[in-house]
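First to last, the sequence lines map onto chains A and B. When the letters of the first sequence are read in order and numbered with our numbering, they come out as residues 1 to 111. When the letters of the second sequence are read in order and numbered with our numbering, they come out as residues 1 to 111.
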Amino acid sequence: QQQVKQSPQSLIVQKGGISIINCAYENTAFDYFPWYQQFPGKGPALLIAIRPDVSEKKEGRFTISFNKSAKQFSLHIMDSQPGDSATYFCAASMHPDKLIFGTGTRLQVFP
Amino acid sequence: DSGVTQTPKHLITATGQRVTLRCSPRSGDLSVYWYQQSLDQGLQFLIQYYNGEERAKGNILERFSAQQFPDLHSELNLSSLELGDSALYFCASSSAEDTQYFGPGTRLTVL
Chain A
1 QQQVKQSPQS LIVQKGGISI INCAYENTAF DYFPWYQQFP GKGPALLIAI RPDVSEKKEG
61 RFTISFNKSA KQFSLHIMDS QPGDSATYFC AASMHPDKLI FGTGTRLQVF P
Chain B
1 DSGVTQTPKH LITATGQRVT LRCSPRSGDL SVYWYQQSLD QGLQFLIQYY NGEERAKGNI
61 LERFSAQQFP DLHSELNLSS LELGDSALYF CASSSAEDTQ YFGPGTRLTV L
């Protein structure tokens, strides 16, 4: 019930392509879904977040799509750049409660 | 820079020893969260403090304890250390309804 399942585990994308990372949850009490970006040796940094009252949120090249009925949400990175190469974590919480993290996706963007 | 500071950056110690990790939250944030990041367990919530009081507990071992001081900085104490305690330990802070901002982490190596 408290798990957040994330896929894929790793992703290789060419520069300019679209990166898509998917997450699924079971606990319908979750009401806050952030995505974090983590570079090696650094702490996770908030990228973008969404609440279940909207189906999509866009910030620059990053978009969250949210499907409440399917209990799924995804991160789309448009025009992926080598600088986007990092590990991405989805998370869920009953805000402002502890974050339940997905297992992470290692993204590599090649020129 | 998230505004959350953690010391030390690296810590190398032996099994059976005790260490203290320190976290200073962002200015004005009353909540402090501790997370453990290991290769096999991912990012796991350990404990949360709010304005000096324990608010929530996660997968924290009995050998581990934490506290938040009147100046709002927090310390995570790890004792009787085992090899399996080697991990990155992150502190995050938030204000009442805001998101969690993570510090740079402390890398603990138990030899």
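Glycine included, every Cβ here is placed at the ideal spot set by N, Cα and C. All values reported here derive from a predicted model rather than from experimental measurement.
Would you list, in chain order, the members of the stretch 8-27 of chain A that have their beta-carbon closer than 9 angstroms to a beta-carbon of chain B? none
Whose CA, out of A:V13, A:C23, A:Q9 and A:D31, lies closest to the CA of I50 of chain A? Position 50 of the first sequence, counted from the start, is the residue given in the question as residue 50 of chain A. The residue with the shortest Cα to Cα distance from I50 of chain A is A:D31.
Excluding the 5 residues flanking F66 of chain A on each side, which residues of the same chain have their C-beta closer than 6 angstroms to its C-beta? In the first sequence, counting from the first residue as 1, residue 66 of chain A sits at position 66. Excluding sequence neighbours, F66 of chain A sits near I50, S55 and F73.
For chain A, is any of its Cβ atoms less than 8 angstroms away from the one on G3 of chain B? As a position in the second sequence, residue 3 of chain B is number 3, starting the count at 1. G3 of chain B is outside the set of residues whose beta carbon lies under 8 angstroms from a beta carbon in chain A.
So Q37 of chain A and Y88 of chain A are supposed to be a Cβ contact under 8 angstroms. How far apart are they, rounded? Sequence index remark: in the first sequence, residue 37 of chain A carries index 37 (1-based). Sequence index remark: in the first sequence, residue 88 of chain A carries index 88 (1-based). The beta-carbon separation of Q37 of chain A and Y88 of chain A, rounded to 6 angstroms, stays under the 8 angstroms limit for a contact.
Distance, Cα to Cα, G43 of chain A vs G105 of chain B? Locating residue 43 of chain A in the first sequence gives position 43, where the first residue counts as 1. Locating residue 105 of chain B in the second sequence gives position 105, where the first residue counts as 1. Approximately 6 angstroms between the Cα atoms of the pair.
Nearest-angstrom beta carbon gap, L21 of chain B and Y89 of chain B [assumed within contact, 8 angstroms]: Residue 89 of chain B sits at position 89 when you count from the first residue of the second sequence. Residue 21 of chain B sits at position 21 when you count from the first residue of the second sequence. Rounded, the Cβ-Cβ distance is 5 angstroms, consistent with contact.
Could you tell me whether any Cβ in chain A is nearer than 8 angstroms to the Cβ of A66 of chain B? Along the second sequence, one-based indexing puts residue 66 of chain B at 66. Output row for A66 of chain B: interface = no.
Excluding the 5 residues preceding and the 5 following P70 of chain B in the sequence, name in chain order all residues of the same chain whose CB lies nearer than 6 angstroms to its CB. Locating residue 70 of chain B in the second sequence gives position 70, where the first residue counts as 1. Taken in chain order, the list of residues that qualify is empty.
Run through the stretch 17-96 of chain A for me and flag every whole beta strand (DSSP E) of 3 or more residues, listed as ranges in chain order. List check, beta strand (DSSP E) in window: 19-25, 33-38, 45-50, 56-59, 62-67, 72-77 and 86-92.
Spatially closest choice to M94 of chain A from A:R61, A:A70, A:P82 and A:F33, by CA coordinates: In the first sequence, counting from the first residue as 1, residue 94 of chain A sits at position 94. Among A:R61, A:A70, A:P82 and A:F33, the Cα nearest to that of M94 of chain A is on A:F33.
Selected residue, minimal CA-CA separation from Q81 of chain A, among A:S7, A:I18, A:Q3 and A:Q2: Residue mapping note: residue 81 of chain A aligns to position 81 of the first sequence, counting from 1. With distances taken between Cα atoms, Q81 of chain A lies closest to A:I18.
Please report the straight-line C-alpha distance between V4 of chain B and D79 of chain A, rounded to a whole angstrom. In the second sequence, residue 4 of chain B corresponds to position 4, counting from 1. In the first sequence, residue 79 of chain A corresponds to position 79, counting from 1. Their backbone Cα atoms lie some 31 angstroms apart in a straight line.
Round the Cβ separation of S93 of chain B and V32 of chain B to the nearest angstrom and send it over; I've been treating them as touching at under 8 angstroms. Translated into the one-based positions of the second sequence, residue 93 of chain B becomes position 93. Translated into the one-based positions of the second sequence, residue 32 of chain B becomes position 32. S93 of chain B to V32 of chain B, Cβ: 5 angstroms. Contact.
What did DSSP end up calling L140 of chain B once you bin it into helix, strand or coil? One cannot answer for residue 140 of chain B here, as it falls past the ends of chain B, which runs 1 to 111.
Between G104 of chain A and chain B, is there a C-beta pair that is closer than 8 angstroms? Against the first sequence, residue 104 of chain A aligns to sequence position 104. Taking 8 angstroms as the CB threshold, G104 of chain A lines the interface with chain B.
A14 of chain B - containing beta strand (DSSP E), residue span: Looking up residue 14 of chain B in the second sequence gives position 14. Per DSSP, A14 of chain B belongs to no beta strand (DSSP E) and is neither H nor E.
Rounded separation between Y50 of chain B and L99 of chain A - CA only: On the second sequence, residue 50 of chain B is found 50 positions in, with the first residue counted as 1. On the first sequence, residue 99 of chain A is found 99 positions in, with the first residue counted as 1. If I take the Cα positions, the gap works out to 15 angstroms.
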